[in-house]
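Written out below as structure tokens is the structure these notes cover.
Numbering (my numbering), first residue to last: 558 to 887.
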């Protein structure tokens, strides 16, 4: 495969800039980390020879050449897995992920993931993330959480979307909202859970609310949309709309459990509420038993298109299993 070589010149105004930053500004489709990798591999040269230090300062009037190899084929193999594609163009794809689908290959899930499906679906449309023809995962949903997820197809889209998700909506570009069925009814119809999250000391596979010095800040906004009663007519289950101000692992599930309103069906953070199902009617209890996952759905997703700058917004209706549960609760 033949690399693409670009020759760039330094103006008087640009002199003294770090070469990795200067190249990233000149070639926006490449991330700065990708450029740093290319520098380490000896792909950047000038009249003075090969550049080996990403912190080297560029000199006025000098030209620099960067050789970018073609993207390598992805290591995970593509698989023919059905996808619910909500939107797709040359730069990104928005998927409505079903519950049960793992996003990224990992120990125990080497195949059958969303990444495997996207490699097959996008094919030649993947121009390379970090030098590899693979989909750019900028955020994830738990295996058993359904809903909207955006994936980048190239470095430029990956860079922009990653920056937007790092800001978590503080700059107004990103919007995310979830729907969840939760045990109980909060004292207030709307509120904010502000509690830092970190690894549980008792079980390193779980997240937990921890002291500020041991965790990362996490804020979840909630609003109760509908309330369902138990067999005695007492308020017992809430349909909530939740917005993330941060994006920590298992954030909604941990925060809801922290305020004693865990998500229905959550086997990890709502296990202590399993006996609560006895207060439901027979139909609702049966549907909940067949749900076999947390009743959590990524219902809304908005972002700025990384190339056009256009504001994009998508919404996803509740999946059938959560609709059946709501019908039974009603």
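From the three backbone atoms N, C-alpha and C, an ideal C-beta is built for every residue, glycine too.
Predicted model only: the values in this text are computed from it and were never measured.
- By the CB criterion at 9 Å, residue 712 and residue 865 fall outside the cutoff.
- Residue state for residue 597 is assigned as helix, using DSSP reduced to three classes.
- Each residue's CA atom was taken as its position, placing residue 825 and residue 810 some 9 Å apart.
- Contact holds between the segment 840-857 and the segment 696-708, because three or more Cβ pairs, one in each stretch, are under 8 Å apart.
- Sorting 681, 727, 797, 659 by C-alpha distance to the C-alpha of residue 698 places 659 at the top.
- By alpha-carbon distance to residue 737, the top candidate from 649, 751, 715, 780 is 780.
- As computed with DSSP, residue 739 is found in a beta bridge with 795, 820.
- Straight-line measurement puts the Cα of residue 869 at about 33 Å from the Cα of residue 595.
- In the DSSP annotation of this structure, the continuous segment of the beta strand (DSSP E) that includes residue 751 starts and ends at 747-751.
- When 598, 620, 801 are compared, the shortest CA-CA separation from residue 626 is found for 598.
- Closest by C-alpha distance to residue 771, out of 744, 757, 762, 783, is 757.
- In the three-state reduction of the DSSP assignment, residue 603 falls in the strand class.
- The segment 773-789 and the segment 733-752 touch, with no fewer than 3 CB-CB distances between them shorter than 8 Å.
- Taking every protein chain shown into account, the CB of residue 762 has fewer than 16 other CB atoms within 10 angstroms, so this residue is exposed.
- The three-state reading of DSSP puts residue 614 in strand, counting E and B together.
- In the three-state reduction of the DSSP assignment, residue 711 falls in the strand class, which pools E and B.
- Residue range 649-654 is occupied by the beta strand (DSSP E) that includes residue 649.
- If the five residues before and after residue 807 are omitted, its C-beta is found closer than 6 Å to the C-beta atoms of 764, all from its own chain and listed in chain order.
- Rounded to whole angstroms, residue 760 and residue 828 show a C-alpha spacing of 14 Å.
- If you compare the alpha carbons of 677, 883, 877 with that of residue 710, the shortest gap goes to 677.
- Nearest C-alpha to residue 879 among 858, 871, 846: 846.
- In the three-state reduction of the DSSP assignment, residue 732 falls in the strand class.
- Per DSSP, residue 675 is not a residue of any beta strand (DSSP E); the alpha helix (DSSP H) it occupies stretches across 671-679.
- Uninterrupted alpha helix (DSSP H) stretches at least 4 residues long and entirely within the segment 823-879 occur at 839-848, given in chain order.
- Annotated as distal: residue 567 and residue 604, with beta-carbon spacing of 9 Å or more.
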